[in-house]
Structure formats: structure tokens, C-alpha cells
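Taking it in order: structure first as C-alpha cells, then the write-up.
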Amino acid sequence: MSYLISGLNIQNISDYDSTQSYNKYDVVDFQLSTAVASYPQKGVDGIRFWFNNEALSDFSLNQDYDVTSWTNKVAADSYLKQTSEDDEEKPYVDFNADYLELSNKENLFGNTFEVGENINSRTIFICFDPAPYSYTTFDNQTLMHFDTSNSFSSSYGKLEIGGNDSFSDASFNTDGKIYIDGVGYEAYSKIYNTQNIICITLSKSGATKNLKLRHNGKQIADLNTFNDNWFNSYLKIGGNNGNIGIKYYDIIGFDGVLTEALIQSYEKYLFETYFNIEGLFFAKKDVPAGLETSPLAGGGGTFYWTRNINELFNLSYGSSVDFSCKLSTTDFDDGYKNSVARNINPITATFNFAYDGLTDIEAKSLIAFFENTPEAKKKSIYEDFEGVNMELFTPYKKDSEIYFLDIDHSTPYNNINSINIKGESLYDSSLDYKGLLVQLDEQYIRTYTSSLEGFEYNDVVYVDSSVFRDRGYYYYTGDSVQGSLPEENGPLGNDSHFTKNFYFKQDIDYSVPSQIRLRNLDLESSTREYAKAGINYNVLQFDLNFSNRSDREARAILKFFDSKIGYNTFNYTLPQPYNKTIKVYCPEWSHTYNFKDDHSIKAKFIEFKSAADYYAGFNSIVTFVP
Amino acid sequence: MAKFFNYKDIDFRINGSIFYAEQVSLSAQASVEPVILSDGTFLNYAPKGAVVGNLSCDFYLNGSFPSFLDVTNTDESAVTVSFAGITINNVFLKNVSFSVEPFQPVLISAEFDWYSNILFENMKEQSNSARQSKPIPSYIAHSYKSYIDQNNFYPDDPNDSLGNVVSFSYSTSCDRPIFLKVDQTIPFRCAKLNKNISVDLSANNLGKIVTTKGKNISTIIYLKDFYGQSLSTFSINGVMTSQSYSVSSGNYMLSQASIEKMITEEKVLV
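Taken in sequence, the protein lines are chains A and B.
So in the numbering used here, the last spot in the first sequence is 617, and the numbers never skip.
So in the numbering used here, the last spot in the second sequence is 711, and the numbers never skip.
Structural data, given as C-alpha cells:
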């Protein structure tokens, strides 16, 4: 049992077995093979060459960070090099990457990679991640090329990739191919924009030859004829004029043909080191048995298996979110205050994702998904695991990265489960002019132009003006219009039907608590004494409820708060009997999606006692006493 | 000109099977709440849940009891009802009941919830040929031969017995909570909750009085047609919870009893 499975509080999750069929919502722990990963040891197993960039000191760098040579890890006098004066032929090294990318003319070559004396066999592993040749073409690209001289003029001894590997259905046919000496063999899984491991074993004894080609752990070709160039000493990688690039992670060559067990161990090592495919997979439909339907198998894999929660479960009504702005507030005398955002993204959005009506099998799958989220791939070399890509509920964005924090599972009856997951959005930013989570999506919130058509009350538009004061979001308060608006009724018109102000009305039942700011002097053996705290002793702080609002109005209200980022002030007219317009800001608000066209929003408003303008003045005199 | 349908022109089917119904009624209920704003103005009526349809029917059992009318099983799937030319999908059974009264045919009552978008204006009469080609049922459940088994009725006490049963009724019901995905108004699941069976019977004698735990009963109800052709059986292992005796002027004294059975399912390990 893997540590992944043993770490879950869920029973009956097993290692993936391609000979078994699975049911929708089944959870498996996928590994390339059951072999134990083995690190190829220097000096044993007949390693002839090994190139990777785990030791940057093996690189020779000029001041442009161009690679001029790539030292063989297992033989210091052996290397791949680039001696050309043409900078375009020299690869650029990315110090933060664990690969060397060769694109366009970039290439490296060397000539000390012949098979040892009296040895007529070799085993080669290459771990790489290629882009297609271009954004629109899938021409062949050479991964590696053995030849008799550094002219590399022969068309033999070549390992290439090519063909369009996109899948359109579950038929598992792919045009993605791996080529040996120009002959293509169907790839086992997707080739482009993902890591691949190719293993080639070569042997010859007199006229008898054998070449076996493996792709991601599966043998895809067994040949008895191939060119002798594969045993030559000159090796070149890259040099595909005009291509986007191929990332080389590891290239390892052994003398002799390794045993199947060793090959599997080294493939497993490469797989665990560079792939993000190992781990839990979730069946999104019933899965027939077979290698073609394994999680790794390109179209078959993605057709049947997923790690995307949006493909497995749908949110239920009752899902909600709490917004809170992290502010450092300084209270001055006379009721003034200064609230400064603590960082560039001060708003924390904490979601409660409701999943209701789950069967036991579905609940098991969702709980396993939740418990396994820390096993997601690393976000970067500086950060830990990635969050969950969530399609948030209306009216929020559909691609937010959420970190799952808590889970609450309840079951009212047999085979009926309710699960609530609490998660935080950390990487959505208020700096995005499109919005934090209620975004300018050009569908429900559109950029205003004079030709924009169709307006309903509470529609939100974005005005992209070069004038800072005019730029921003406007809210339509006119009657329904099918066509476009005349200029005077536009957001910036003289008789505008739009507003930037807070025009929404809260529920009929409201309360406005008020507390006078007083100083309190409570001396012993004396009567308590109250004194007014400066000139602004009536500073309001109250909650507003907007219950049972339509999708359109809820979107407008939430967009308004979203665009104010928790600390920007705006005018608010107090209800009866106050009826006064005051400056407020809204550092906290929450939203529950009750039902289709039924949202409830709660907001905390805090009165701000100064001009809500670009320049805020204070009427207090601050005297510094030496 | 307004169109009125005659009963004989209405075709009523569940899952394609013809039901010889005595009455069918169909209704829909929206759940809304008025929204009133702080300035006293009315905003709108906010929807608070899916539109729930109700379908009830009384029909004659003319064959074995169809499995899709079994409330107590674990099958949550919907049935399809066609009524006056319109098809209603997502119809979920809630309860089924019948009474066995002296000299009366047995009429089955069934009630369903439904969640569909249907167009009532598309209702139409069935054609004469369709009406005339309907098969005539061979069997109809009847009280004359239907009965409740009284052997070993009180399994815990061989000295206790039931007297002569005059009439009885049988009812199975469950709650059907619905679950919806966000942005949807048609449920993706209509579960079964609180499934139970209840039997009420009248007899001249009910035996010993119930104890604090009620009185366990075990019986089978046999539904047969007038000629003794067996149509369906219903097993009950429940508990008698109430007994009453009453007499009125000009009548015999009769006793009434209520029997309950909560249906449970053992969880299947996943």
C-alpha cells in the first residue's frame, strides 16, 4: 500500500490495475509500474553517459547564460558541447528549471558516446517534455541523433517525435508517433506539453539485431532491422530549426541491454522525479479494463479519469462565501481613522462549498479528493502544493485556485450525504482590473462601447477611459433597452442612466445600532465621568442585508463591493428615519447562493469621517510635544 | 373555442403501461417569497425552491403490482408518465395505498412528485382508434377473495390472536428530498427517506392489549381478483401501536388497530 493510500481515512482505495474495470467515482492510486524506483548509480550498471542539470557546476556558461557544453555526469572528460559562434545555436540555461530547453537552432553534440569495446548493445533513457513543432503544425522533431561524424548528415540513428496527438473521442487512436530511423510507431500516451520517458534497448550479434522501443513504460516497437548508426559515437540533441522547443530532463545511456526489472526501476525513478501523474485518480465514468484506459494513456486516460473536481461533482445551492479585507487601522482622535491594506491583495475570500445529495460512493470519492489535495504538484520551487482549480458558483469566476481547508460530512439517512468544504482563494487579485472574483467577463459584465446593445436594470458595464475618474464600473438604473443607448444616456453622458454610486436598497427589516464615542473616567471613590471623544462621537457601524435578490442584482451588488476592495469609501444614504448620506467603506461581506435567482448578501458598513475623495483631509490638530 | 376533455378521452400511462384510473389529478406548486425593500417598496417574488408538481391517481390493479410502484425498495429512479398526450419526466413515487372493504374492488392510490417543464396547452385527446384498441383488463383486484393472513399474526405470543377482520388498508410512503446543482431548477437526485409501511385494520377482536413496546405482528396481505386469481402479496413484519374499540347505536362493536413498519437498509460497504 502506498503512503498516499495509507494516509487517507478512506478504506478500499487500491493501486491502479489495468486488468480491472472500475466504476464511476472509484479512486485509484496510479503508478507507472509496481517496480521500486532506483537511482542509477554512478560507476555501476555500466552507465556510459548521463546528462541532466541537477549540478549546474557542470555547465560552462558565458555571460549570456548560454550553454556551451553539458558535462557527462559519469565521465568528466565526456560532454555535449556547442562551439558555434552563432548564439542562436547555444541553448539558454534557466537556473530555476530542472531541464535544459533546446529550441529552434539550439543544439549540443559530442563524440565520446560509443558503445564500449566488444559491446554491441546499449540501453538509452531519455526524459523530455516537447511542445509541438509550432502552434499550428506537428512536423517531426529530432530528440537525439547518433552518427559517424559531427556532420550528422545521415538520416539514420535518429529518434524523432511527430504528429498531432490530440484526441477527439475515446477511440484511443493517436497520430502522435515516435520515429526510429524515420519509421513512426504509435505513442502510448500524449506526447506534447507533458513529460515523456522513452527507453530504447539495442543489441546486435552478427547479423542478428534487436531494438525495443518503450514509451512511458509500455513497449511500442520490437524491431529486428535498424541502422548501425545507433551504435556510433557521435550524439546530437536538438537542432530543430523553427520549433518551439523540447525540454530535456535526463538522458542516460548504458552499455548493454538492461533487464526488464532494471528498466522498470529506472523508468520509475524518472517518472517519480519529473511526472506529476502519479497519485490518486478519480473515475469520471465507468472504466473498462485495459492499458488504453489507464490514467496515463492520453485520450483514454483523460476520457475516463480525472483529478479535476469540476468533472466529478457539482456544487449545490447553499454554497456561500465570506469576504474579509485585511486592514491595518489606525484610530485617530475625533473619530478619524486611517485604514491601510496590509498587502496588495488584502481581501480574503473564504468559500463554503456545499455538495448535497451524494451517494455513499460519491461521498467517499469527494472525501478522498479533499484529503489528497496537499498531494497536488508543487506550485513552484518557492511554494508548496497547488490549490484546487474550482468553477465557482454564480456570479464568481470559473477558474479560481482554491485551497481546501476543512470538510464537514453529515449523513441524514442511508446513502444520502452532505459535504461542506471550506476553502480559501489566495491567488485572485484585486489588482486585476477585471475584478477579484466577480469579473469583467464580457458576458454578464461587459465593456461599454457606444454600440453595446441590450441593457437591463442592475446591468454592470466597465468603462475603459483614459481619465482616471471616469474609468471603472457603472451600474445601469434605467429601463430595459434592446438596442444601444444614445450618448447622453451612456455612462459618461449628461443624462446618464448609469451610476457609480451605491444605489441598492437593503431589506425592509434593518437595524442601525449606534454607540456614542465617549471617554470614561472611573476614579476610585468617585463617580464615573463621561466626556465626549472629540468632535465626531457618532460613528456608525452596521450590517445590511440584501435577501432573496435576483442573479442580476446580486451580481451588481457583489461587483460593487468587489470593485471597492474592502477599503475604498463610497456614499451611502441611511434609511428612514436617518435619510442622511454618509461616507462608508465595506471591509466585510458575505454571500449565499440560495437558489436560482435567489441570493442573500450581508455587508458590514463602517462610517468614514472624512471626505471620500482622492485627498482625504483631517480636521484634528496633531501636536507633538517634545 | 374552448376545449374541454372528456374523461374517456384521457390516456394515462406510467412507464408505458396503461393504467385503468378512476381519477388522475395533476398540479404544480411554486415556492416564492415577497421581497420588500427598506423604503417600503416591493421588489419581486423570489423563488425559494424548485417547482414541485404533484400527481395523484386512483387505479384498478389488473395484474401483478409493478416494481416501479414499490416505495420500499432502494430504486430512486424516476418514472415517466404520459397524460392526455403530454409526457412528464422526472416523476417520483411518494406513496401507494389501498383499502380492502367488503364487496368492493380494490382501488390503488398512488401519489408522485414531479419536476419537469411541461406544456399543459399541448394536452390532447386520444384518437378514437387508440381508445378502441386499448385492451380490456382480464383481472381486477377485488375484496371478495383478497385477505390478510391471520396465521401466527402475533408471533411473540401463541396465546394471542386476531378476531375476524372486517376491513383493512395498506399504505407505504416515503419522503423524497430533492438535490439540485447550482444554476439548475430540475433536481439531479430525488432520494428516498423515511420509508415506512402502515396497515390499519378493523376486526371484532384484536386480542391482548398492546404493551409499552407495542405488539409485534407478522402477516401477508394477498390481493386477488374476484375469481381468486392471485395478483400481489405484501409481507409485513411490524408492530401494532394502537388499538381502539368503538360501538355506535345500531352497529356492532368494532376494534381498530394500526400497524407500523419502518423500512431500513443495511449500508453496503463502499
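From the three backbone atoms N, C-alpha and C, an ideal C-beta is built for every residue, glycine too.
Since the model is a prediction, treat every value here as computed from it, not as a measurement.
I'd like to know if Met442(B) contacts chain A, where contact means its C-beta is closer than 9 Å to some C-beta of that chain. Bear in mind that the predicted position of Met442(B) carries a pLDDT of just 48, short of 50, making it unreliable; the figure below should be weighed with that in mind. No, its Cβ sits nowhere closer than 9 Å to a Cβ of chain A.
message = On a Cα-Cα basis, can you pick out the residue from Arg617(B), Asp554(B), Lys586(B), Lys489(B) that is closest to Asn635(B)?
response = Of the candidates Arg617(B), Asp554(B), Lys586(B), Lys489(B), the one whose C-alpha sits nearest the C-alpha of Asn635(B) is Arg617(B).
Practice prompt. Would you kindly work out how many angstroms separate the C-alpha atoms of Asp499(B) and Leu306(A), rounded to a whole number?
Written response: Going from the Cα of Asp499(B) to the Cα of Leu306(A) covers about 38 Å.
Separation of Leu647(B) from Tyr686(B), as counted between CA atoms: Counting only the Cα atoms, Leu647(B) lies some 9 Å from Tyr686(B).
#### Entry: Three-way DSSP call (helix, strand, coil) for Thr702(B) in this model
The amino acid at residue 702(B) is misidentified as Thr; the sequence shows Lys. Looking at Lys702(B) - three-state DSSP - the assignment turns out to be strand.
Check for me: the beta strand (DSSP E) holding Tyr225(A) runs from which residue to which?
Note, Tyr225(A): beta strand (DSSP E), 225 to 229.
### Query
DSSP beta-bridge partners for Cys498(B)?
In DSSP, Cys498(B) forms a bridge with Val465(B), Ala551(B).
Check the C-beta distance from Ile527(B) over to Asn563(B) and give it rounded, since I have them as a contact under 8 Å. Rounded, the Cβ-Cβ distance is 5 Å, consistent with contact.
Exercise for review: Report back the beta-carbon spacing between Leu509(A) and Tyr494(A) to the nearest angstrom; my notes put them in contact at under 8 Å.
Suggested key: Actually they are not in contact, since the Cβ atoms of Leu509(A) and Tyr494(A) sit about 34 Å apart, beyond 8 Å.
Check: By Cβ distance, which residues of its chain are closer than 6 Å to Asp17(A), with the 5 residues on each side in sequence left out?
Finding: Within the same chain, Asp17(A) has close Cβ partners Ala274.
Classification of Asn231(A) by the beta-carbon crowding that lies within 10 angstroms, buried from 16 upward | Under this definition Asn231(A) is a buried residue.
For Asp589(A), the nearest candidate out of Arg298(A), Cys577(A), Arg543(A) (CA to CA):
Per the Cα distances, Arg543(A).
Measure the C-alpha to C-alpha separation of Leu261(A) and Asn14(A) and round it to an integer number of angstroms. Roughly 30 Å between the two C-alpha positions.
> Near Tyr606(A), what residues of its chain come up, given a Cβ to Cβ distance below 7 Å and the 5 sequence neighbours on each side ignored?
Replying inline: Bear in mind that a pLDDT of 49 at Tyr606(A), under 50, signals an unreliable position, so the number given afterwards is only what the model happens to contain. Same-chain partners within the cutoff: there are none.
Measure the C-alpha to C-alpha separation of Glu79(A) and Ser112(A) and round it to an integer number of angstroms. Straight-line spacing of the CA atoms in Glu79(A) and Ser112(A) works out to 35 Å.
At a Cβ threshold of 9 Å, is Thr626(B) touching chain A?
For Thr626(B), at least one C-beta of chain A is nearer than 9 Å to its own C-beta.
Query raised in the report: Is the CB of Tyr606(A) under 9 Å away from at least one CB in chain B?
Result: No answer about Tyr606(A) holds up, because its pLDDT of 49 lies below 50 and its placement is not dependable.
Got a sec? Which residues, its chain only, sit under 8 Å from Phe446(B) by beta carbon, not counting five neighbours each side?
Hits under 8 Å: Ala525, Met564, Glu566.
Asp601(B) at chain A interface by Cβ criterion, 9 Å: Output row for Asp601(B): interface = no.
*asked:* Can you find the residues in the same chain that come closer than 6 Å, C-beta to C-beta, to Val688(B), ignoring five residues on each side of it along the sequence?
replied: Met694.
**Asked** Is the Cβ of Asn406(A) closer than 9 Å to any Cβ of chain B?
**Response** In terms of beta-carbon proximity, Asn406(A) lines the interface with chain B, with at least one pair separated by less than 9 Å.
> Are the region 211 to 231 of chain A and the region 130 to 138 of chain A in contact at 8 Å, needing three or more beta carbon pairs?
Replying inline: Yes, the region 211 to 231 of chain A touches the region 130 to 138 of chain A.
**Asked** Would you say Ala603(A) faces chain B, with C-beta separation under 9 Å as the test?
**Response** In this predicted model, Ala603(A) has a pLDDT of only 45, less than 50, meaning its place in the structure is not dependable; the value taken from the coordinates is given anyway. Judged by the 9 Å Cβ criterion, Ala603(A) is not in contact with chain B.
Pairwise C-alpha distance: Gln210(A) and Leu282(A): Annotation: Leu282(A) to Gln210(A) spans about 12 Å, alpha carbon to alpha carbon.
### Query
Going along the chain, which residues of its own chain have a beta-carbon closer than 7 Å to the beta-carbon of Met442(B), five neighbours each way excluded?
The predicted position of Met442(B) is uncertain, since its pLDDT is 48 and thus under 50; a value taken from the coordinates is nonetheless stated next. Taken in chain order, the list of residues that qualify is empty.
ask   = Measuring CB to CB, does Gln186(A) end up less than 9 Å from Tyr70(A)?
value = At the C-beta level, Gln186(A) and Tyr70(A) stay beyond 9 Å of one another.
6 Å CB neighbourhood of Leu383(A) in its chain, flanking five on each side removed:
For Leu383(A), where only same-chain residues beyond five positions count, the Cβ hits under 6 Å are Ser391.
Buried or exposed by the 16-neighbour rule on C-beta atoms within 10 Å, applied to Tyr668(B): If you draw a 10 Å sphere on the C-beta of Tyr668(B), you find fewer than 16 other C-beta atoms in it, and that means exposed.
**OP:** Starting from Met618(A), follow its DSSP beta bridges and name the residues at the other end.
**Re:** With chain A running from -8 to 617 in the structure shown, residue 618(A) is simply not present.
Per-residue DSSP class, three states only, for Ala603(A) = Bear in mind that the predicted position of Ala603(A) carries a pLDDT of just 45, short of 50, making it unreliable; the figure below should be weighed with that in mind. Three-state result, Ala603(A): coil.
- Find the residues of chain B that neighbour Tyr308(A), judging by a C-beta separation of less than 7 Å, and give them in chain order. The answer, in chain order, is Leu621, Val623.
On the three-state DSSP scale, how would you describe Met442(B)? Note that Met442(B) scores 48 on pLDDT, short of 50, meaning its location in the model is unreliable and no value can be drawn from it.
> What does Val532(B) pair with, by DSSP beta-bridge criteria?
Replying inline: Answer by DSSP bridge pairing, in chain order: Val520(B), Trp555(B).
Query raised in the report: In the structure shown, what three-state DSSP assignment does Arg543(A) receive?
Result: DSSP, read as helix, strand or coil, puts Arg543(A) in helix.
> Which stretch, first to last residue, makes up the alpha helix (DSSP H) that contains Asp351(A)?
Replying inline: First-last of the alpha helix (DSSP H) with Asp351(A): 351 to 363.
Q: Might you give, ordered along the chain, the residues of its own chain that have their beta carbon closer than 6 Å to the beta carbon of Ile653(A), omitting 5 neighbours on each side?
A: With chain A covering only -8 through 617, there is no way to say anything about residue 653(A).
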